[in-house]
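Peer 1: Just passing along the structure, written as C-alpha cells.
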RNA sequence: GCCCGGAUGGCGAAACUGGCAGACGCAGCGGACUUAAAAUCCGCAGACCCGCAAGGGUUGUGGGGGUUCAAAUCCCCCUCCGGGCACCA
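Residue numbers (our numbering): 732 to 1592.
Okay, here's the thing in C-alpha cells:
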C-alpha cells in the first residue's frame, strides 16, 4: 500500500490546529478554575470586562467573533498584568424569535432556546474564549427573571412603574406593543418592512423621565464613552427649555376651552399670528365634530401622513393646513388669532399645539407664505447687518424685542425669563422643560418574556402606585415578594392571533387576590426583553444568589464595569435603559455607582464585499467554516489583524489563510529548536564574536522593542492590527537570525530568550497555540497567568539611527548617526555626505533645519 | 437639511506629536527545493519616464486653494461613501 509522502520523512510536525485546539479545549473545559475571577477580597486591582450578551439564535456570526476576540484579548492581557479579572458571558434569551421558531417547528420556546444556548456555548468554547462559566446568566430562567419581577414590584412601590392608557406603537408582525426606542423610521426595529401602527391601549410604563436630567447631565462626565454614543443619547433625551402658554379659545358659545402651546421662544409671542394644532389634537377633533369640511381635511392629512410613513419619507411631505374658523386669544395682548390645523405639528411632542410666529420660525414662515397669513416682526438685531434684515430672523443672541408692549427693547434672553414669569403670575402659563424622551413602555403582548407580577382583583382593590387608576372591574394589586417567581406556564399554544398568549391559559390567568383572597385575574402581558439586559451585568457578580438579585458588596467591588464592548446599534436602547436601571438600583440603596460602565467601546461592523453581512445579501461567512479550515486561533486573530477595532472590517478569507501561515511559522520556529530549548545553558560572552555578536544584540533589541510595542497597543489605543504586525516582524527577524544567532558558536541563549517571549506576546491573540508552545518550553501553569513580559528600555534602544537628509524638502540621502546625537553632530554628518554635497553644489545655503532624531532639511537657493 | 465617521498601491491597511508615504499581511511576479506539484524558503514590487545595468528623473495619500523649511497629518472650499438625527416649535 502506498501512502502519500506527508511529513513522514521529517520528525517535525506541521502546525495542525485541528489537533492542538481540541486538545487544549478539553483541558480547559475540565478546569473551571482557569478563568474564574477571585473574590471581592482579592488584593489585586479588579478589572471587569464584558462583551454585550448575545441573543441565543443558535449560531455565532462574525460580528460576535470580532466582539469576543477583542474582549478576550483584553481580558487575557489584564490577567497577565496581574489584575483580578471578571470576564463573564450570558444569554439574552427571552424574545420573539423563540416564539416564531415555535410556530415554525412546533418546538416549545424554552426547548428551542436552551438547545441554542448549548450550541452557542459549544462554539464559544471552541473559540477558546476566557469566560468564567460559573457566573453564566440565562435571562429566560426563573432564577433570573424572578428578579425582573422583584425589581418591577420595587419600582411599582416607588411610583416608578405605572399603568396608563395611551397611544402606543403596535407592530402587526410581532403582534405586540413596542417602546419608542424600538420604532425606527416609523417601522419595527426587528422588521424594517413593517409599519408600526398607533393603538390606544392600557400599558405598563417605567418612569425613565424622572431621571431625564440625570441621564443627560451624566453624559458630560462619561469621557470613557464614545462621543458618538453620547451625542445620540443627548439627542434622544432631547431636553428643551421653554414655556407653556394658554391661549383661550374665543367663545362663540359659553365655553372656557383653552389651547396650551409649548414654545422655546416666548419672547416672540407678540409676533404670533395664528395657533396651529396637530391633526390628532383633541380640540381639532371637537371642532371637526360640527364642521364636516374640517373633518374631511383632517382625515386627509392623517391619511397622507400614513402614506408618507409607509413610503419612508416623512420629511418630504409638504406643509398643509386648514383654518378651523375659530379664534384664540393671545393672552399677552388680547389679540384674536385664527386657529388652524396643520400637518407639520407633532402630536406627541410638547402639547401638540403651537403658536405660529412666521417672522421668527422657518416652518411657520413657509406655512404663512403658503396660506397668506400675516408676518409680524418682533425681534431685531442689536447691530444691523445685511442678512439680519431678512425673514425669517432666527437669531436670539444679541437681539432685542420690538413692538412687544412693555417688553419692547428687552434682550431676548431677558424677555424669555420675564415673560414666562409674567404668564405664571397671571395664571396662563409657566416656564417648563420638555423632553423627547418618553416613559418606557414595557408591556408586551407576548408569551416568551417575564410575566408582570400584578393581578387585577375582581373585588376592586387598588394598588399603591400614584398613577394606577382603578380598572374595571377590579383593582391593580401587586403580588407580594413571597409570591415570586410568577412562572411562565410551560405548555402554551403559540399562535399568530392577537393578544397575549398567556391570556388563553386559564390556569395562569385565574388566581386569587393577595389582599382579599377573592378571585382575581393575572396580568397577561410580559416584560420587554430590554428589562432583562438592563441589569444582567450586576447578576454576573453574584449569579447564584437565590435570596437577592445580587449581593451589594460584590457589586460594589466590581462596578463600574471597567470595559464594556459591543455594537453601536444599542446606543439608545440597551445603553440608555441600563443607565436608568443603575440609577434606580442606586436609589434603592443596592449599589453605589451612578453609571454602569466607566468605559464603553463600540466596535465596527464586519462586512463582506462592501456590505454588512446578512442572510438577505447572501454574503454571510460562517465562523464554524473558518474554524474548521484555519482553526480558532487564526480566525480570531484575523478579526483583530484586518483593521483597527473601531472601524468596519472587510472579511477576506485569504487574509485568514495568511494568519494561519504566520502561526505555522511560529510553530515551526519552535519545532526547529525543540531540543535546544530544553537545554539550559548560559551565554559565554567570549564565544560571541563578529557578526554573530552584532546579530545577537540586534535580536535582543528587537525583542524588547516588540514587547514595548505590543504592551503600548494593548494598554493604549487597542490597535491590535499594528501589535500583530510587530509580532510578525519579530518572527521574520527570528528567522533571519536563526543561522547566525542560534548556533552554538554564537549566542543561543539570546535566541532562546527571544523565543521564550513569543508565547507570552501571542497569548492574548492566539490562546491555543500559545498554550501549546508554552508547554513545549516547559512553562509553569497556564500561559495566561504567567507574567506579561516587561521591556527593558536600555536593551530596546537603538545604538545608531538613520536620519533622512533633504535638500529643499526632497530626500537626498540617509545618514547614520549614533542615537542621541545633538544637532551639530547630525548637521556635520549630513553636510559631509557626498550625495548631499553634490545636491547643494554651486548653491547658497539659506537655512538648515535639524530635528534631532528625525531629519535634516537644507534649504538652498 | 443637520451632526458624526471615512476616502492612502491591485486589495486589507501603516505612518500615534507636521519630519524618509505605503510598515505588516493578501493577491502578483521572479528564483531555489521537487521528476512534478503542494508546502516551504529567498528576492522584486505605488505609478510614469530615462538607462544594458548600477542608478537617475517626474509624479503620487478623493478634488481645489492656503499656512510651513517641510502637510496623508493643520486651515478654508468642494465631491463621493458609511452611520445617526431629521418639521422636536
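Beta carbons are placed, not taken as given, at the ideal position from N, Cα and C, and that holds for glycine.
Shortest alpha-carbon distance to residue 987 belongs to which of 1025, 1011, 1005, 1058?
Peer 2: By 1-based counting over the first chain, the position of residue 987 is 256. Selected option, being the one with the closest Cα: 1058.
Peer 1: For a quick check, are the C-beta atoms of residue 715 and residue 933 less than 9 Å apart?
Peer 2: As shown, the chain starts at 732 and ends at 1592. That puts residue 715 outside it, with no answer to give.
Peer 1: Among 1226, 1138, 1079, 1215, which one has its Cα closest to the Cα of residue 1165?
Peer 2: Residue mapping note: residue 1165 aligns to position 434 of the first chain, counting from 1. When each option's Cα is compared against that of residue 1165, the closest is 1079.
Peer 1: Start and end of the alpha helix (DSSP H) containing residue 1143?
Peer 2: Taking the first residue of the first chain as position 1, residue 1143 is located at position 412. Segment 1143 to 1156, the alpha helix (DSSP H) holding residue 1143.
Peer 1: Hey, residue 1495 and residue 804 are a contact pair by Cβ (cut 8 Å); roughly how many whole angstroms apart?
Peer 2: What you label residue 1495 is simply residue 764 of the first chain in a count that begins at 1. What you label residue 804 is simply residue 73 of the first chain in a count that begins at 1. Yes, they are in contact, since the Cβ atoms of residue 1495 and residue 804 sit about 4 Å apart, within 8 Å.
Peer 1: Going by DSSP, name the residue or residues bridged to residue 1130.
Peer 2: The residue you call residue 1130 lines up with position 399 of the first chain. BP columns for residue 1130 point to 1112.
Peer 1: The beta strand (DSSP E) with residue 989 in it runs from where to where?
Peer 2: One-based indexing of the first chain puts residue 989 at position 258. That run of the beta strand (DSSP E) goes 989 to 994.
Peer 1: Nearest-angstrom Cα distance between residue 887 and residue 1317?
Peer 2: Taking the first residue of the first chain as 1, we reach residue 887 at position 156. Taking the first residue of the first chain as 1, we reach residue 1317 at position 586. If I take the Cα positions, the gap works out to 16 Å.
Peer 1: Do you know how far the Cα of residue 1191 is from the Cα of residue 1249?
Peer 2: On the first chain, position 518 is the one that residue 1249 refers to. On the first chain, position 460 is the one that residue 1191 refers to. Roughly 10 Å separates the two Cα atoms.
Peer 1: Going by C-alpha to C-alpha distance, which of 1144, 992, 1373, 858 sits closest to residue 1076?
Peer 2: On the first chain, residue 1076 is found 345 positions in, with the first residue counted as 1. Of the candidates 1144, 992, 1373, 858, the one whose C-alpha sits nearest the C-alpha of residue 1076 is 992.
Peer 1: Between residue 1587 and residue 1441, what straight-line distance do the alpha-carbon atoms span, to the nearest angstrom?
Peer 2: For the purposes of this step, residue 1587 is taken as the residue at position 856 of the first chain. For the purposes of this step, residue 1441 is taken as the residue at position 710 of the first chain. Taking the straight line joining both Cα atoms gives about 30 Å.
Peer 1: Comparing alpha-carbon positions, which option in 1267, 1019, 995 lies nearest residue 1125?
Peer 2: In the first chain, residue 1125 corresponds to position 394, counting from 1. It is 995.
Peer 1: Counting along the chain, where does the alpha helix (DSSP H) carrying residue 922 start and finish?
Peer 2: To locate residue 922, count along the first chain from 1; it is residue 191. Element bounds for residue 922: not the alpha helix (DSSP H) but the beta strand (DSSP E), 922 to 926.
Peer 1: Grab me the residues of residue 1240's own chain with a C-beta within less than 8 Å of its C-beta, minus the 5 sequence neighbours each way, in chain order.
Peer 2: Start at 1 with the first residue of the first chain, and residue 1240 comes out as number 509. So the qualifying residues of the chain are 1233, 1234, 1252, 1253, 1255.
Peer 1: Considering only the alpha carbon of each residue, which of 930, 883, 876, 882 lies closest to residue 902?
Peer 2: Position 171 of the first chain holds residue 902. Here the closest residue by C-alpha is 930.
Peer 1: Measuring CB atoms only, is the stretch 820 to 831 touching the stretch 1259 to 1276, in the sense that at least three cross pairs come out at less than 8 Å?
Peer 2: Touching, yes.
Peer 1: What does residue 1187 pair with, by DSSP beta-bridge criteria?
Peer 2: In the first chain, residue 1187 corresponds to position 456, counting from 1. Bridge partners of residue 1187: 1207, 1252.
Peer 1: On the three-state DSSP scale, how would you describe residue 1280?
Peer 2: Translated into the one-based positions of the first chain, residue 1280 becomes position 549. Coil at residue 1280, not helix or strand.
Peer 1: Determine the DSSP secondary structure at residue 1224, reduced to helix, strand or coil.
Peer 2: As a first step, residue 1224 must be located in the first chain, where it is residue number 493. If DSSP states are grouped into helix, strand and coil, residue 1224 belongs with coil.
Peer 1: Does the distance from the CB of residue 1331 to the CB of residue 1295 come in under 9 Å?
Peer 2: Along the first chain, read from residue 1 onward, the residue named residue 1331 stands at position 600. Along the first chain, read from residue 1 onward, the residue named residue 1295 stands at position 564. For residue 1331 and residue 1295, yes; Cβs fall inside 9 Å.
Peer 1: Buried or exposed: which applies to residue 764, given that a residue is buried once 16 or more other Cβ atoms fall within 10 Å of its Cβ?
Peer 2: Here residue 764 refers to the residue found at position 33 of the first chain. Looking at its Cβ environment, which holds fewer than 16 other Cβ atoms inside 10 Å, residue 764 is exposed.
Peer 1: Going by C-alpha distance, which of 1299, 1160, 1131 is nearest residue 957?
Peer 2: By one-based count along the first chain, residue 957 stands at place 226. It is 1299 whose Cα lies nearest to the Cα of residue 957.
Peer 1: Can you pull the DSSP bridge partners for residue 933?
Peer 2: What you label residue 933 is simply residue 202 of the first chain in a count that begins at 1. For residue 933, which the question treats as bridged, DSSP gives the partners 896.
Peer 1: Candidates 757, 885, 1157, 1048: which alpha carbon is nearest residue 1210's?
Peer 2: For the purposes of this step, residue 1210 is taken as the residue at position 479 of the first chain. For the residues 757, 885, 1157, 1048, the minimum Cα distance to residue 1210 belongs to 885.
Peer 1: Looking only at its chain, what residues have a beta carbon closer than 6 Å to the beta carbon of residue 1545, apart from the 5 residues adjacent to it on each side?
Peer 2: Taking the first residue of the first chain as position 1, residue 1545 is located at position 814. Only 1533, 1535 meet the Cβ criterion.
Peer 1: So the candidates are 1564, 1049, 809, 1055; which of them puts its Cα closest to the Cα of residue 1022?
Peer 2: Residue 1022 sits at position 291 when you count from the first residue of the first chain. Minimum Cα distance to residue 1022 is reached at 1055.
Peer 1: Which residues bound the alpha helix (DSSP H) around residue 1357?
Peer 2: The residue you call residue 1357 lines up with position 626 of the first chain. Per DSSP, residue 1357 belongs to the alpha helix (DSSP H) from 1354 to 1361.
Peer 1: In or out: residue 1066 buried (at least 16 other Cβ within 10 Å) or exposed?
Peer 2: On the first chain, position 335 is the one that residue 1066 refers to. Classification of residue 1066: exposed, given that the 10 Å Cβ count is below 16.
Peer 1: Using a Cβ-Cβ cut-off of 6 Å (strictly less than) and excluding sequence neighbours within five positions of residue 1547, which residues of its own chain qualify?
Peer 2: As a working note, residue 1547 is residue 816 in the first chain. Closer than 6 Å at Cβ, skipping near neighbours: 1531, 1533.
Peer 1: Go ahead and label residue 1436 buried or exposed: buried means 16 or more other beta carbons lie within 10 angstroms of its beta carbon, across all protein chains shown.
Peer 2: Here residue 1436 refers to the residue found at position 705 when the first chain is read from its first residue. Result: buried.
Peer 1: Within a Cβ cutoff of 7 Å, which residues of the same chain sit near residue 1453, ignoring the five residues on either side of it in sequence?
Peer 2: Reading the first chain from its first residue, position 722 is the one you call residue 1453. 1444, listed in sequence order.
Peer 1: Tell me whether the beta-carbon of residue 1172 lies closer than 9 Å to the beta-carbon of residue 1489.
Peer 2: Counted from its first residue, the first chain places residue 1172 at position 441. Counted from its first residue, the first chain places residue 1489 at position 758. No.
Peer 1: Three or more beta-carbon pairs under 8 Å between the stretch 792 to 800 and the stretch 1350 to 1369, yes or no?
Peer 2: Yes, the stretch 792 to 800 touches the stretch 1350 to 1369.
Peer 1: How would you label residue 734, buried or exposed, when you count the other beta carbons within 10 angstroms and need 16 or more for buried?
Peer 2: The residue given as residue 734 occupies position 3 in the first chain. Legend: pLDDT at residue 734 = 34, less than 50; position of this residue unreliable, value from coordinates given subsequently. Its Cβ having fewer than 16 others within 10 Å, residue 734 is exposed.
Peer 1: Quick one: what does DSSP say residue 733 is sitting in, helix, strand or coil?
Peer 2: The residue you call residue 733 lines up with position 2 of the first chain. Any answer about residue 733 is weak, because its pLDDT of 33 lies below 50 and its placement is not dependable; what the coordinates show is given next. Coil.
Peer 1: Determine the contact status of residue 1485 and residue 1493, defining contact as a CB-CB distance below 9 Å.
Peer 2: For the purposes of this step, residue 1485 is taken as the residue at position 754 of the first chain. For the purposes of this step, residue 1493 is taken as the residue at position 762 of the first chain. Not closer than 9 Å, so no.
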